[in-house]
Amino acid sequence: GQWSIVIHGGAGTIKRDAMTPEKDAEIRAALDRALDAGSEVLAAGGSSLDAVTAAITVLEDDPNFNAGKGAVFTWEETNSLDASIMRGDTLEAGAVAGASTTRNPILLARKVMEESPHVLLSGEGADQFARDQGLKQVKPDYFFTQHRFDSLKRHKARAKRREKVSQLDDDGKFG
Amino acid sequence: TVGAVAIDRDGVISAGTSTGGMTGKRWGRIGDSPIIGAGTYANAKCGLSATGSGEYFIRLAVAYRVCSQLERIEREVSEEAGSMASRPGLAAQVAQLAADKAITEVGELGGSGGVILLAPDGTPVWAFDTPGMYRGKATSDGQRQVAIY
């Protein structure tokens, strides 16, 4: 009768000096809410699948995390969402890649697992399946967050600088 | 990237992962998150969700590799002298070693990132080689932790 849950909200270079106390508290509160959502399901005797989707949905809806609402931008300034889910005792699995209009990709991955004969759907087909299954759809601006858009701009500027440097390198190489 | 792994009162383990991928990705790039066996996997004895430089997690089949190792070790220990679950702490130690090893292997290839997983006895475990990983755990016996660094 024991249960447990472990969650993550991404790994990387999280600079202490760039993290304000307010942002730190905001992120910890979001992680707490995700743990609560999963724990409540499990404590009530619910399934681990429901707990996992409950916890991940909270994180997808929070702009602090790179998933759902807080997703990063592609080079084309769009958002392209991936998700997967798996049940251990039956080895059932479902996944989506490159979805762009489905609010909660983890719910779509679960629908793929439970309502389709497939494991992995991608792109517009995945979103079409989500619509067929009645999952909530959103317009692209739902996924817009200024800090992610600014990150993309910085990323493009860095890429452009690298291109200039390599152009100079080539000129030098050929005299 | 976000993820969760849980075991319910019936002993069923599930794992899930969701992500927006890499900033500035092009050409329809897909990382490890939707690749079953790379960024997400679950079997009867283990569940895992990964985050990090996805291409390396794909090449190493990290999620499947770790869960497969734990399932095999659990089976061997069970045949020898009873289930790992009946030996306090053993399952978690083995799971931690497997997770650490997987992250080390990702690092050796040039990648970085982290994993969360549940050991065969349901103990939450994590490993990462980045300066931080947003993470948390809760159990029915009252353990609860949220951490960043």
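Top to bottom, those sequences are chains A and B. Number 87 in our numbering belongs to position 87 of the first sequence; there are no gaps in the numbering. Plus 1000 on top of the position in the second sequence (first one is 1) and you've got our numbering. All C-beta atoms in this analysis are idealised placements derived from N, C-alpha and C, irrespective of residue type, glycine included. Values in this document were obtained by computation on a predicted structure and should not be read as measured data.
Query, Result
"Can you give me the start and stop residues for the alpha helix (DSSP H) that A1119/B sits inside?", "No alpha helix (DSSP H) contains A1119/B, which DSSP labels as neither H nor E."
"Classify H147/A as buried or exposed, calling it buried when 16 or more other Cβ atoms lie within 10 Å of its own Cβ.", "exposed"
"Could you give the distance in angstroms between the alpha-carbon of K136/A and the alpha-carbon of A83/A?", "16 Å"
"Chain B beta carbons: is any one of them nearer than 9 Å to that of Q137/A?", "no"
"Rounding to the nearest angstrom, what Cα-Cα distance links A1042/B and A93/A in this structure?", "9 Å"
"I need the straight-line Cα distance from T13/A to T74/A, nearest angstrom please.", "20 Å"
"Which residues does DSSP pair with L120/A in a beta bridge?", "A95/A"
"Closer than 9 Å by beta-carbon distance: list the chain A residues that pair up with G1089/B, in chain order.", "Near G1089/B there are no residues of chain A at all, since even the closest Cβ is about 15 Å away, more than 9 Å."
"Excluding five sequence neighbours on each side, which residues of the same chain lie with their C-beta closer than 8 Å to the C-beta of V1125/B?", "A1092, A1095, Q1096, A1099, I1116, L1117, L1118, A1119"
"Can you tell me where the alpha helix (DSSP H) holding L42/A begins and where it ends?", "21 to 43"
"Could one say the Cβ of E124/A lies closer than 9 Å to chain B's Cβ atoms, at least one of them?", "no"
"Would D1100/B count as contacting chain A if we go by Cβ distances under 9 Å?", "no"
"Once DSSP output is grouped into helix, strand and coil, what is the label at S1049/B?", "strand"
"Excluding the five sequence neighbours on either side, which residues of its own chain have a C-beta within less than 7 Å of the C-beta of I5/A, listed in chain order?", "L35, G38, S39, L42, A51, A55"
"For V1002/B, does the three-state DSSP call read helix, strand or coil?", "strand"
"Mind checking who D82/A pairs with in its DSSP beta bridge?", "T1019/B"
"To the nearest angstrom, how far is the alpha carbon of I85/A from that of K164/A?", "42 Å"
"According to DSSP, is Y1041/B helix, strand or coil?", "strand"
"Hey, would you say G1031/B sits closer than 9 Å to T1019/B, going by beta carbons?", "yes"
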